[in-house]
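Sequence order for the protein chains is V and H.
The first sequence runs 1 to 287 under full-length UniProt numbering.
The second sequence runs 1 to 287 under full-length UniProt numbering.
Glycine included, every Cβ here is placed at the ideal spot set by N, Cα and C.
2 protein chains.
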Amino acid sequence: MLYLVGLGLSDETDITVKGLEAVKKASRVYLEAYTSILLVDQSVLESYYGRSIVVADREMVESNSDEILRDAANVDVAFLVVGDPFGATTHTDLVLRARELGIPVRTVPNASIMSGIGAAGLQLYNFGQTVSMVFFTDNWRPASFYDRVKENRDIGLHTLLLLDIKVKEQSLENMARGRRIYEPPRYMTVATCAQQMLEIEEEKGQGVYGPDSLAIGAARVGGKTEKFLAGTLKELCDSDEELGAPLHSMVLLGRRTHELEHEFVREFAINKETWDRIWKADYEGKH
Amino acid sequence: MLYLVGLGLSDETDITVKGLEAVKKASRVYLEAYTSILLVDQSVLESYYGRSIVVADREMVESNSDEILRDAANVDVAFLVVGDPFGATTHTDLVLRARELGIPVRTVPNASIMSGIGAAGLQLYNFGQTVSMVFFTDNWRPASFYDRVKENRDIGLHTLLLLDIKVKEQSLENMARGRRIYEPPRYMTVATCAQQMLEIEEEKGQGVYGPDSLAIGAARVGGKTEKFLAGTLKELCDSDEELGAPLHSMVLLGRRTHELEHEFVREFAINKETWDRIWKADYEGKH
Chain V
1 MLYLVGLGLS DETDITVKGL EAVKKASRVY LEAYTSILLV DQSVLESYYG
51 RSIVVADREM VESNSDEILR DAANVDVAFL VVGDPFGATT HTDLVLRARE
101 LGIPVRTVPN ASIMSGIGAA GLQLYNFGQT VSMVFFTDNW RPASFYDRVK
151 ENRDIGLHTL LLLDIKVKEQ SLENMARGRR IYEPPRYMTV ATCAQQMLEI
201 EEEKGQGVYG PDSLAIGAAR VGGKTEKFLA GTLKELCDSD EELGAPLHSM
251 VLLGRRTHEL EHEFVREFAI NKETWDRIWK ADYEGKH
Chain H
1 MLYLVGLGLS DETDITVKGL EAVKKASRVY LEAYTSILLV DQSVLESYYG
51 RSIVVADREM VESNSDEILR DAANVDVAFL VVGDPFGATT HTDLVLRARE
101 LGIPVRTVPN ASIMSGIGAA GLQLYNFGQT VSMVFFTDNW RPASFYDRVK
151 ENRDIGLHTL LLLDIKVKEQ SLENMARGRR IYEPPRYMTV ATCAQQMLEI
201 EEEKGQGVYG PDSLAIGAAR VGGKTEKFLA GTLKELCDSD EELGAPLHSM
251 VLLGRRTHEL EHEFVREFAI NKETWDRIWK ADYEGKH
């Protein structure tokens, strides 16, 4: 049996009881560690589970899934995924391969950022499609997120933005020379996301959002140091210090809002007067 | 401290380790039992937690939250919510009241149907807003879902439909006579949802979807007897027997699809030829 086990969002105790039982009895345990991370180290997980863990990087999962699935028709294999196994990143290809090999699959769901973001106080019913924001480089500034945000905004919906993480990346030089030397991991912050969004609005000029658009920055959702910061995109460009360590994600507000949301989120506002003023002028009753 | 503890989707072992610790040490334990249910009885939960549970119905949570929050500045109170505490149903009003009373609040996230539905094999990135479907009566047929489904379909997105549950409902006669006698609980099935959708399309006639539109019925997501059934809305009108016991939910497909999704979901198809034919004619490459 292949168990796809969600680990939740924060630390080793966010696993479900069902998931923990699956991990403890599995013959081999893999941790998918390239699309998201927990806020604790692998060693903490290993000591908590009483099991050693093989970290599965992207190459292993995408090109060598038969090793993960080896003999899984006869023994139990646990494949651990931060968040929910079918959350932001789906592992459909691994499941399809397991099906081909006649290996039964069971999923152990857990919290995903796609529902966990509800703790920021906005109704999940009023979220449109989720988008990803990747790190811009000098010559690669993918802006497809802009059209999707526009689609959401046009019908009044909030947008959850999931922010890039770069783990096990090679520099061009090391890649060219075939050296397996990896750069330190990088996690996009809300501030970088807000800046990139404003740069793209500047380029496209369709007025999908602007420096005064309201948004919520979220850090370490579900953890003890969970932090939400509400403000304008311009204010959030300068939020690194206050939001602190990764992981971050962000919500751009749509106009379909409720008074309860205003009251709830106001608590997180960088500047309550600014928040109230823009809410009343541009959001309240505007849909 | 008020702990809002998500219970996940299926049975007593879907609680997280963190959540279970919070329940065990709380002075009082409440279970919100009117917006969703677990697939196990309260007595199973009580024996698993080693704690007695007060079932909090809608009236208690909405009108008598101060009883739930009594003394929670000094003692720990656990408020259990099926799924995620801020998932499909948010408990913002309870948190706002806690804030007013100076009571600290901690959330223990868990799987929500809004992310758990990913196990059906569709990318969560391609879901638009979630909608609710309530039981129609002779003179009440709320159709606001139709416009929201239209908004999603217009931009190619899937729609998750959450299906009505009726617990602790009184008949009009019992209500009029003030008798606290309650009807047996009712849970909407995928078949009823599909029928109601087709009735409203018939009335509105905007062609948002039709009998041949593809959808996925889901039953007991996250549980051992989890079941997905893919087919046309017409086919799903007759799915009660195959999908079985509650809870059900449904996804109406949008046209923004991926070949991997086709392959993954095909496994669940009521009729694979029909599924392939309509997929190719109306979905593949149509966005």
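Quick one, which of the options has its alpha-carbon nearest residue i's?
i, options, result
"proline 184/H", "Cys193/H, Leu198/H, Lys168/H and Glu173/H", "Lys168/H"
"glycine 8/H", "Arg266/H, Phe86/H, His287/H and Leu94/H", "Phe86/H"
"leucine 2/V", "Val17/V, Thr13/V, Tyr49/V and Asn74/V", "Asn74/V"
"arginine 220/V", "Leu157/V, Ile117/V and Phe135/V", "Ile117/V"
"glycine 231/H", "Leu96/H, Ala269/H and Arg99/H", "Ala269/H"
"alanine 33/H", "Arg97/H, Gly210/H, Val55/H and Asp66/H", "Val55/H"
"arginine 186/H", "Phe127/H, Gly210/H, Ser36/H and Val40/H", "Ser36/H"
"glutamate 259/V", "Glu273/V, Ala245/V, Lys280/V and His248/V", "Lys280/V"
"leucine 162/H", "Ala143/H, Pro142/H, Val134/H and Ile181/H", "Val134/H"
"glycine 222/H", "Asp41/H, Leu45/H, Asp93/H and Ser10/H", "Ser10/H"
"aspartate 71/V", "Ser27/V, Tyr49/V, Leu38/V and Ala111/V", "Ser27/V"
"isoleucine 181/V", "Met188/V, Lys227/V and Gln170/V", "Gln170/V"
"aspartate 138/V", "Gln196/V, Tyr209/V, Ser132/V and Thr159/V", "Gln196/V"
"methionine 60/H", "Asp76/H, Tyr30/H, Tyr48/H and Glu46/H", "Tyr30/H"
"serine 249/H", "Ser47/H, Asp66/H and Leu160/H", "Leu160/H"
"arginine 256/H", "His158/H, Leu96/H, Asp240/H and Leu80/H", "His158/H"
"serine 213/H", "Thr274/H, Asn64/H and Ala111/H", "Thr274/H"
"glutamate 235/H", "Ala245/H, Pro246/H, Gly210/H and Leu247/H", "Gly210/H"
"histidine 262/V", "Leu243/V, Ala245/V and Asp282/V", "Asp282/V"
"aspartate 164/H", "Ser115/H, Ala194/H, Asp66/H and Gly156/H", "Ala194/H"
"phenylalanine 198/V", "Asp238/V, Phe228/V and Lys166/V", "Note that residue 198/V is leucine in the sequence shown here, rather than phenylalanine. Among Asp238/V, Phe228/V and Lys166/V, the Cα nearest to that of leucine 198/V belongs to Asp238/V."
"lysine 166/H", "Phe136/H, Glu241/H and Gly156/H", "Phe136/H"
"serine 132/V", "Ala143/V, Asn126/V and Leu122/V", "Ala143/V"
"glutamate 100/H", "Glu284/V, Lys272/V, Phe264/V and Arg97/V", "Phe264/V"
"arginine 266/V", "Phe228/V, Leu80/V and Arg97/V", "Phe228/V"
According to DSSP, what are the bridge partners of residue i?
i, result
"serine 249/V", "Leu162/V and Ala218/V"
"valine 29/V", "Ala78/V"
"leucine 2/V", "Val77/V and Val105/V"
"tyrosine 187/V", "Ile165/V"
"alanine 269/V", "Ala230/V"
"glycine 8/V", "Gly83/V"
Using 10 angstroms around the beta-carbon of residue i, count the other beta-carbons present and answer buried if the total reaches 16, otherwise exposed.
i, result
"isoleucine 113/H", "buried"
"tryptophan 140/V", "exposed"
"histidine 287/H", "exposed"
"proline 104/V", "exposed"
"glycine 254/H", "buried"
"glutamate 151/V", "buried"
"threonine 192/H", "buried"
"aspartate 84/H", "buried"
"leucine 172/H", "exposed"
"serine 52/V", "exposed"
"lysine 25/H", "exposed"
"glutamate 203/V", "exposed"
"arginine 277/H", "exposed"
"valine 44/H", "exposed"
"alanine 176/V", "exposed"
"arginine 58/H", "exposed"
"glutamate 62/V", "exposed"
"arginine 153/H", "buried"
"glycine 19/V", "buried"
"asparagine 64/H", "exposed"
"alanine 245/V", "exposed"
"glycine 207/H", "exposed"
"arginine 179/V", "exposed"
"serine 115/H", "buried"
"glycine 128/H", "buried"
"asparagine 126/V", "buried"
I think residue i touches residue j, with their Cβ atoms under 8 Å apart; what is that distance to the nearest whole Å?
i, j, result
"leucine 124/V", "threonine 107/H", "Rounded, the Cβ-Cβ distance is 14 Å, inconsistent with contact."
"tyrosine 146/H", "isoleucine 200/H", "5 Å"
"isoleucine 216/H", "alanine 120/H", "5 Å"
"threonine 225/V", "threonine 16/H", "Not really, about 18 Å apart at Cβ, beyond 8 Å."
"alanine 22/H", "valine 5/H", "6 Å"
"valine 82/V", "leucine 38/V", "5 Å"
Any heavy atom of the ligand MN within a distance shorter than 6 Å of the CB on residue i?
i, result
"leucine 124/H", "Annotation note on the ligand MN: not contained in the displayed structure, which lists no ligands."
In the segment 208 to 237 of chain H, which residue ranges form an unbroken beta strand (DSSP E) of at least 3 residues, counting only runs that do not cross its ends?
-> 214 to 219 and 227 to 232
Could you name each continuous beta strand (DSSP E) segment of 3 residues or more that falls completely within the segment 89 to 169 of chain H, going from the start of the chain to the end?
-> 105 to 108, 131 to 133 and 159 to 163
Alpha helix (DSSP H) runs wholly inside the segment 11 to 67 of chain H, at least 4 long, in chain order | 17 to 25, 42 to 49 and 58 to 63
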